[in-house]
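Below is one structure, written out as structure tokens; the observations come after it.
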Amino acid sequence: MKTPRGPVATGSGIGANAPKVLFLPFSDSTHMPSPQNKWAGIVMTAFSAFGGILFGYDTGVVNGIKVMEPWLRRFGDELDSKGNFVLSSSRESLVVSILSAGTFFGALLGAPVADYIGRKWGIIFATLVFCFGVALEVGSNSVGIALLVVGRVFAGLGVGLVSCLVPMYQSECSPKWIRGAIVSGYQWAITIGLLLAAVINDATKDRTDHSSWQIPIAVEFVWAFALAAGMFFLPESPRWLIMRGRDAEAAKSLGRLTGFSSNDPELLADLDEIKTNLEAEKLLSSNSYVDCFRSTDNKILFRTLSGIFLHAWQQLTGINFIFYYGTTFFQNSGIKNSFLITIATSIVNVFMTLPGMWGVERFGRRRLLLVGAAGMSLCEFIVAIVGVTIAVDNLTGQRVLIAFVCIYIAFFASTWGPITWVITGEIFPLQVRAKGMSLSTASNWLWNFGIGYATPFLVNKKAGSAGLESKVFFVWGSTCAAAFVFTWFCIPETKGLSLEEIDDMYREVYPWQSVSWHAANLNRRRHAIGDTGDKDSSHTGEERES
1 MKTPRGPVAT GSGIGANAPK VLFLPFSDST HMPSPQNKWA GIVMTAFSAF GGILFGYDTG
61 VVNGIKVMEP WLRRFGDELD SKGNFVLSSS RESLVVSILS AGTFFGALLG APVADYIGRK
121 WGIIFATLVF CFGVALEVGS NSVGIALLVV GRVFAGLGVG LVSCLVPMYQ SECSPKWIRG
181 AIVSGYQWAI TIGLLLAAVI NDATKDRTDH SSWQIPIAVE FVWAFALAAG MFFLPESPRW
241 LIMRGRDAEA AKSLGRLTGF SSNDPELLAD LDEIKTNLEA EKLLSSNSYV DCFRSTDNKI
301 LFRTLSGIFL HAWQQLTGIN FIFYYGTTFF QNSGIKNSFL ITIATSIVNV FMTLPGMWGV
361 ERFGRRRLLL VGAAGMSLCE FIVAIVGVTI AVDNLTGQRV LIAFVCIYIA FFASTWGPIT
421 WVITGEIFPL QVRAKGMSLS TASNWLWNFG IGYATPFLVN KKAGSAGLES KVFFVWGSTC
481 AAAFVFTWFC IPETKGLSLE EIDDMYREVY PWQSVSWHAA NLNRRRHAIG DTGDKDSSHT
541 GEERES
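Numbering-wise, the UniProt record's numbering puts 81 at position 81 of the sequence shown, and it's gapless, one number per residue.
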């Protein structure tokens, strides 16, 4: 017999509601009709993914500017054998990784910002912080490395806030039946940002003055303005408005997202269910970070740790080695036009994210993560073997290396890139969602910082560095194999499930049993719908969409 359910948050997407009567088996849950205007919610929440461009562009722009001659003349701290300025491993680590230090703290600030001023205004606030940092970076030529570093810290704070708030806003406002693809759109925007950075770096690299690197950085103002201006016209998350007791505003917000009138009986019933569920949840939690680490029957502690480690493993796939140090790596591998190769890898990243956005709802989250980890591991071991067995001037070997780097990126872009954000947007109940996502995103940036800082010491052939060069891919191949094991034991299949069902699943089965549980639950839903007859025939369409 199925155990009764405890109170759980809604937050599972517009058009998917919590049960009016709590503590009932799932088969007794009610389901509201689909939104009248599906495209309204889709377009609005999809636009918020524009925040990913800030993330991706700021990540990618440093990859190119740190090898530009004017930038090196200003910020380089060593001379090579030809008398040219270069970066020491320690300074390169500082310049690249300090952004991630800022994003780590920005992600942690995401929870109080999201809960205090809201998801929408939190994103707008993040763009202001980001622009302040960009202004310092652009003006650092007159002051030196210290101002550049401070600017990257503030830019990182803004990016960290965005990386926490945008997926949260999307998961709370997007239609349930397409939620995975909408949140995946955030990762797609990240890849577009990386591509834009590569293209603009290539366009300015031959300038002989400081505008060669100042222009790519200054372009970031454009992306921040576009995001802030667009968010100004979007509705606030109705679930956050209910948390703040602003029910009338929540009705208007939900009406804009669904196409219902703000006084429509069905919409008001939807809001009542969200409110009732939130009140029940408040009885069991204090809305603090401690709640994320409580051992409960629906495994909140396990879910928190899963989110934290999922983001850690995403970084340990080694993907940001390519986007932070790819230009330098390709140069050291004997490839002449490393800027064009960086553009090529960014194009692969952009277009291979699209199959992931489609496949996340077609094949599921868990399966794609497993396939992606296995594929990346194989490609990285091949890159490592090719790198240590060919001469630098071996053209065929260079082509093989580039090909498998691109295949590796394709696996990441269609699996671990978008799906990590989808899962962490789904697994936390409303009362702890901001804090759970904040911790998960902070984990992403903490590992991003560690990898960004350590990589020059691992790769460079300089005093005090390990000089691994392409052998570093043996490390990334091994971590991808470990990510496969982690996914098998810790990540369940959540495709098509509401947050209520995810609670049930965590309570009843282990992650590796989730696929069979999903099938059994689907049959249970079909029987429940069939038993209602003509009385509930209007609900069938939503179940099929979900």
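In this text, a Cβ means the ideal position worked out from N, Cα and C, and glycines have one as well. Just so we're clear, the structure is a prediction, and the values are computed from it rather than from any experiment.
Asked: Could you please give the first and the last residue of the uninterrupted alpha helix (DSSP H) stretch that includes C173?; Found: 145-173
Asked: In angstroms, rounded to a whole number, what distance separates the CA positions of V77 and V405?; Found: Before going on, a small fix: residue 77 reads as Asp here, not Val. Whole-angstrom Cα-Cα distance: 31 angstroms.
Asked: Indicate the three-state DSSP secondary structure (helix, strand or coil) for L79 in the structure shown.; Found: strand
Asked: Determine the direct distance from the alpha carbon of W445 to that of G156, and round the result to whole angstroms.; Found: 10 angstroms
Asked: Give me the DSSP bridge partner(s) of V392.; Found: For V392, which the question treats as bridged, DSSP gives no partner whatsoever.
Asked: Mind checking F154: buried by the 16 CB within 10 Å criterion, or exposed?; Found: buried
Asked: One question on the structure: do S414 and G477 come within less than 9 angstroms of each other, judged by their Cβ atoms?; Found: no
Asked: If contact is defined by three or more beta carbon pairs under 8 angstroms, each pair taking one atom from either stretch, is the region 93-101 in contact with the region 228-246?; Found: no
Asked: Using 8 angstroms as the Cβ pair cut-off and three pairs as the minimum, do the region 462-480 and the region 345-355 touch?; Found: no
Asked: Mapping the DSSP letters down to three states, classify V400 as helix, strand or coil.; Found: helix
Asked: Assuming E361 is part of the alpha helix (DSSP H), what are its boundary residues?; Found: 338-362
Asked: At 4 residues or longer, what runs of the alpha helix (DSSP H) sit wholly inside the region 483-521?; Found: 499-508
Asked: In its own chain, which residues sit with a C-beta less than 7 angstroms from the C-beta of I124, not counting the 5 before and 5 after it?; Found: A228, M231, F232
Asked: Can you grab the Cα-Cα spacing for the pair I492 / E501, in whole Å?; Found: Strictly speaking, residue 492 in this sequence is Pro, with Ile absent from that position. The straight-line gap from Cα to Cα measures roughly 12 angstroms.
Asked: Where do the ends of the alpha helix (DSSP H) carrying P418 lie?; Found: 416-426
Asked: Reducing DSSP to helix, strand and coil, say where V86 ends up.; Found: strand
Asked: Based on Cα-Cα distance, which residue from I407, D503, K205, P511 lies nearest to E69?; Found: K205
Asked: Return the residue from the list S253, I42, V422, C131 that minimises the CA-CA distance to E220.; Found: C131
Asked: For G83, count neighbouring C-beta atoms within 10 Å of its own C-beta (all shown protein chains included) and say buried if the count is 16 or more, exposed if not.; Found: exposed
Asked: In its own chain, which residues sit with a C-beta less than 8 angstroms from the C-beta of L267, not counting the 5 before and 5 after it?; Found: A251, L254, G255, T258, F260, S261
Asked: Keeping to the same chain, check which residues put their C-beta closer than 6 angstroms to that of C379; ignore five residues upstream and five downstream.; Found: F404, I407, Y408
Asked: Who are the Cβ neighbours of W447 in its own chain at under 6 angstroms, not counting the five residues just before and after it?; Found: A312, Q315
Asked: Taking the alpha carbon of L161 as the point to measure from, which residue in S440, V509, D503, T487 has its own alpha carbon closest?; Found: S440
Asked: DSSP three-state label for residue 565, please.; Found: Shown here, the chain extends from 1 to 546; a query on residue 565 therefore has no answer.
Asked: Could you have a look at A197 and say whether DSSP puts it in helix, strand or coil?; Found: helix
Asked: Sort W213, P418, V150, D209 by Cα distance to V199 and report the nearest one.; Found: W213
Asked: Using only alpha-carbon positions, find the residue among W240, T208, E273 that is nearest to S171.; Found: W240
Asked: Measure from the alpha carbon of G387 to the alpha carbon of each residue in T424, G375, E469, then state which is nearest.; Found: E469
Asked: Roughly how many whole angstroms lie between the Cα atoms of E543 and T487?; Found: At E543 the pLDDT is 40, less than 50, meaning the model places this residue with poor confidence and gives no usable figure here.
Asked: Near T353, what residues of its chain come up, given a Cβ to Cβ distance below 8 angstroms and the 5 sequence neighbours on each side ignored?; Found: S184, Q187, W188, T191, A413, S414, G417, P418
Asked: Please name the residue, chosen from I341, I451, R366, that lies closest to R399 on a Cα-to-Cα basis.; Found: I341
Asked: Could you give the C-beta distance for G359 and L368, rounded to a whole number, given that I count them as a contact under 8 angstroms?; Found: 6 angstroms
Asked: May I ask you to report which of helix, strand or coil DSSP gives L468?; Found: coil
Asked: Quick one: what does DSSP say E69 is sitting in, helix, strand or coil?; Found: helix
Asked: Taking the alpha helix (DSSP H) that T127 falls in, what are its first and last residues?; Found: 119-138
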